[in-house]
Amino acid sequence: MNPASRRKRQRSAKLHPCRAMLFAFALTAPAQAEPAAPATTASIERHWTSNALDSDRAVADWVTLLRGSSQRQWGDADANAGMGAAFEATRHDRITFEDDRALALSAHAFRRLSAAAELRGSLNYRVSSTGDDLDLGAVVIGTRALKQEVSGQAQLGIDLGNATTLIMEASESFETTGRTRFENAILAPARLDPDVNRFQLLARVTRTVGALAFGGSASTLVASVERLGFPPVALSFVLTAIRAEWAVREKSGLSLGLALGVEWLRGTQDIYSGIRPTWQLRLAQPLPHGFELRTAWFGRYETVESDDPLASWLQRAELELGWKVSERFALASGVFCEARQNLLFENEERSRGVYAEATYALRKPLSLVVRIDASSTFKTIIEQREKTLDAFVGLRTDI
Numbered sequence: 149m150n151p152a153s154r155r156k157r158q159r160s161a162k163l164h165p166c167r168a169m170l171f172a173f174a175l176t177a178p179a180q181a182e183p184a185a186p187a188t189t190a191s192i193e194r195h196w197t198s199n200a201l202d203s204d205r206a207v208a209d210w211v212t213l214l215r216g217s218s219q220r221q222w223g224d225a226d227a228n229a230g231m232g233a234a235f236e237a238t239r240h241d242r243i244t245f246e247d248d249r250a251l252a253l254s255a256h257a258f259r260r261l262s263a264a265a266e267l268r269g270s271l272n273y274r275v276s277s278t279g280d281d282l283d284l285g286a287v288v289i290g291t292r293a294l295k296q297e298v299s300g301q302a303q304l305g306i307d308l309g310n311a312t313t314l315i316m317e318a319s320e321s322f323e324t325t326g327r328t329r330f331e332n333a334i335l336a337p338a339r340l341d342p343d344v345n346r347f348q349l350l351a352r353v354t355r356t357v358g359a360l361a362f363g364g365s366a367s368t369l370v371a372s373v374e375r376l377g378f379p380p381v382a383l384s385f386v387l388t389a390i391r392a393e394w395a396v397r398e399k400s401g402l403s404l405g406l407a408l409g410v411e412w413l414r415g416t417q418d419i420y421s422g423i424r425p426t427w428q429l430r431l432a433q434p435l436p437h438g439f440e441l442r443t444a445w446f447g448r449y450e451t452v453e454s455d456d457p458l459a460s461w462l463q464r465a466e467l468e469l470g471w472k473v474s475e476r477f478a479l480a481s482g483v484f485c486e487a488r489q490n491l492l493f494e495n496e497e498r499s500r501g502v503y504a505e506a507t508y509a510l511r512k513p514l515s516l517v518v519r520i521d522a523s524s525t526f527k528t529i530i531e532q533r534e535k536t537l538d539a540f541v542g543l544r545t546d547i
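In the numbering used here, each residue's number is its place in the sequence shown (first place is 1) plus 148.
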């Protein structure tokens, strides 16, 4: 991953903090037809950030973020199919080379083969134009690259009896990034990101006893990465994982999930081989007077969003407190702490942050959202500290 795309990864996390704070963990239930989602969703947000470049070179800017999606589904609970589309675009007032655009298309199908077996499949395509910057010290150059990704997934769910299910899944994705173009053609276009093919197999057994679900899973991910540059900017690997999983959902609203296991990562040509424990904890607890507490903690190998040619070891803890003041007004606040240790490079990133959010339902289905995020990241080897303050006002709607 080139330096520009590394910073873009960090900024994406800051522009979408809800995804980070609402950390998802679930023991998979039997594959079944999904309920119809809202046909159309849309949101527009106006951000102010103190660090538009996501670096130690703090440059303030205003950013407009626009998102939208549309879904359509046909069929019934025994057989159905659907299609969807989504887009996202950002526009900076000053640092225009940081603007992004993305479009995603998807199709899925579901079929109940018998009373004990169900089959599901999906196809996805995503294309994005990503703007970023290349910091050369005295000069910052804008960059832009076009990325395309195609993926497919097939899932078979089998009822084994005695409230026990088996799910087998296979998925594959291919992503390719074109030549990176530089602002005002200062440098010749060049390829900075390799093509990547990922193939994954997964099997999970789950048994349900009352409010408790428990089981285990095993998975293998094989990533074939194009050799690009010397030394290469990214490496091929195989990641194997085995986990034991538990989940509890009480009528009171308490939700607790826990997964414990090991992950074995092997880099190409034996450049790295390591087995580490992996864990995932999620807790959601409703409290009196409309309050709700959510917390999450996990540790695992990170092979996608990493500054390292191979992977990083990622640990993250999150805590969120929400308060539903009334049917139309809600408040939320949260904190996070994260450590990202590169496996081949010696650098470690230590991040922490806090946010506060208010949501008000103006008129169904329109909502007004106001949010403030503050975060700090320290990179140990280069002793660089990045501080960012992000504030936004947004409108969200379901049609």
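We put the CB at the ideal spot given by N, CA and C, even for glycine. On a predicted model such as this, the values are computed, not experimentally measured, just so you know.
In terms of residues, what are the limits of the beta strand (DSSP E) holding residue i?
i, result
"Phe-378", "Per DSSP, Phe-378 belongs to no beta strand (DSSP E) and is neither H nor E."
"Gln-417", "Careful: Gln-417 lies outside any beta strand (DSSP E) and carries neither H nor E."
"Lys-93", "The displayed coordinates of the chain run from 149 to 547. Any statement about residue 93 would go beyond what the structure contains."
"Asn-490", "477–490"
"Ile-529", "Run containing Ile-529: none; DSSP gives neither H nor E here."
"Lys-399", "Counting along the chain, Lys-399 falls outside any beta strand (DSSP E), and DSSP gives it neither H nor E."
"Phe-322", "312–325"
"Val-473", "No beta strand (DSSP E) holds Val-473; DSSP gives it neither H nor E."
"Val-207", "That residue, Val-207, is in no beta strand (DSSP E); it is neither H nor E in DSSP."
"Arg-355", "344–357"
"Thr-197", "188–197"
"His-437", "Per DSSP, His-437 belongs to no beta strand (DSSP E) and is neither H nor E."
"Glu-494", "Counting along the chain, Glu-494 falls outside any beta strand (DSSP E), and DSSP gives it neither H nor E."
With a threshold of 16 other CB atoms inside 10 Å of the CB of residue i, please say whether the residue is buried or exposed.
i, result
"His-240", "buried"
"Thr-176", "With a pLDDT of only 35 at Thr-176, under the threshold of 50, the placement of this residue in the model should not be trusted; the figure read from the coordinates follows. The residue is buried, with at least 16 neighbouring Cβ atoms inside 10 Å."
"Asn-310", "exposed"
"Val-518", "exposed"
"Ile-315", "buried"
"Met-169", "With a pLDDT of 31 at Met-169, under the threshold of 50, the modelled position of this residue cannot be trusted, and the question is left open."
"Arg-511", "exposed"
"Ser-384", "buried"
"Ile-423", "exposed"
"Ile-530", "exposed"
"Phe-171", "In this prediction, Phe-171 has a pLDDT of 30, which is less than 50 and means its spatial position is unreliable; nothing more can be read from the coordinates."
"Ala-395", "buried"
"Arg-292", "buried"
"Val-357", "exposed"
"Val-211", "buried"
"Glu-475", "exposed"
"Arg-548", "Here the chain covers residues 149 to 547 and nothing more, so residue 548 does not appear."
"Leu-369", "buried"
"Leu-340", "buried"
"Ala-361", "buried"
"Asp-538", "buried"
Excluding the 5 residues flanking residue i on each side, which residues of the same chain have their C-beta closer than 7 angstroms to its C-beta?
i, result
"Ser-218", "Ala-187, Thr-188, Gly-232 and Ala-233"
"Thr-528", "Asn-495 and Glu-496"
"Gly-363", "Leu-175, Arg-352, Val-353, Thr-354, Arg-355 and Glu-393"
"Asp-209", "Thr-197, Ala-200, His-240, Asp-241, Arg-242 and Ile-243"
"Gly-223", "Ala-229"
Might you give, ordered along the chain, the residues of its own chain that have their beta carbon closer than 6 angstroms to the beta carbon of residue i, omitting 5 neighbours on each side?
i, result
"Arg-259", "Ala-227 and Leu-267"
"Arg-346", "Ser-321 and Ala-371"
"Pro-342", "Val-373, Glu-374, Leu-376 and Ala-382"
"Lys-535", "Ser-524"
"Arg-498", "Ala-487 and Phe-526"
"Arg-481", "Per the sequence shown, the amino acid found at residue 481 is Ser instead of Arg. Contacts found: Leu-469 and Ala-504."
"Thr-443", "Leu-431 and Leu-467"
"Thr-312", "Arg-355"
"Glu-323", "Glu-297 and Val-344"
"Val-506", "The sequence given here has Ala at residue 506, not Val. Only Leu-479 and Val-518 meet the Cβ criterion."
"Gly-415", "Leu-383, Phe-385 and Leu-458"
"Ile-520", "Ala-504 and Ala-539"
Thinking C-alpha only, which one of the options is nearest residue i?
i, options, result
"Glu-411", "Trp-445, Ser-365, Leu-514 and Leu-543", "Ser-365"
"Gln-463", "Phe-477, Ala-359, Phe-484 and Leu-214", "Phe-484"
"Gln-348", "Leu-387, Trp-196, Thr-328 and Ser-481", "Leu-387"
"Gln-532", "Ala-206, Ser-198 and Trp-196", "Ala-206"
"Tyr-571", "Thr-426, Leu-435 and Pro-434", "Residue 571 is absent from the structure shown; the chain starts at 149 and stops at 547."
"Gly-305", "Lys-399, Val-287 and Leu-261", "Leu-261"
"Ser-225", "Ser-198, Phe-245 and Ala-257", "It is Ala, not Ser, that sits at residue 225 in the sequence shown. The shortest C-alpha separation from Ala-225 is found at Ala-257."
"Arg-215", "Val-452, Ser-203, Ala-237 and Ala-389", "Ala-237"
"Leu-491", "Glu-468, Thr-451, Ala-480 and Glu-466", "Thr-451"
"Tyr-503", "Phe-540, Thr-545, Arg-476 and Gly-358", "Phe-540"
"Leu-554", "Arg-274, Leu-284 and Thr-244", "Residue 554 lies beyond the stretch modelled for the chain, which goes from 149 to 547, so this question has no answer here."
"Leu-441", "Leu-340, Gly-401 and Arg-476", "Gly-401"
"Ala-583", "Thr-278, Ala-522 and Arg-544", "Within the shown structure, residues of the chain are numbered from 149 to 547, placing residue 583 beyond reach of any answer."
"Leu-282", "Gln-303, Ser-254, Leu-350 and Thr-328", "Thr-328"
"Pro-434", "Lys-399, Leu-406, Phe-446 and Ser-454", "Lys-399"
"Ser-276", "Leu-429, Pro-436, Asp-247 and Glu-317", "Asp-247"
"Phe-245", "Leu-429, Gly-279, Gly-501 and Ala-286", "Gly-279"
"Leu-271", "Gly-542, Ser-299 and Leu-213", "Ser-299"
Report all residues from its chain with a CB closer than 8 angstroms to the CB of residue i; omit the five preceding and five following residues, and keep chain order.
i, result
"Gly-438", "Trp-471, Lys-472 and Val-473"
Can we say the segment 330–337 touches the segment 376–383, given the rule of at least three CB pairs closer than 8 angstroms? no
Cβ contact (3+ pairs, closer than 8 angstroms) linking the segment 409–424 and the segment 452–463: yes
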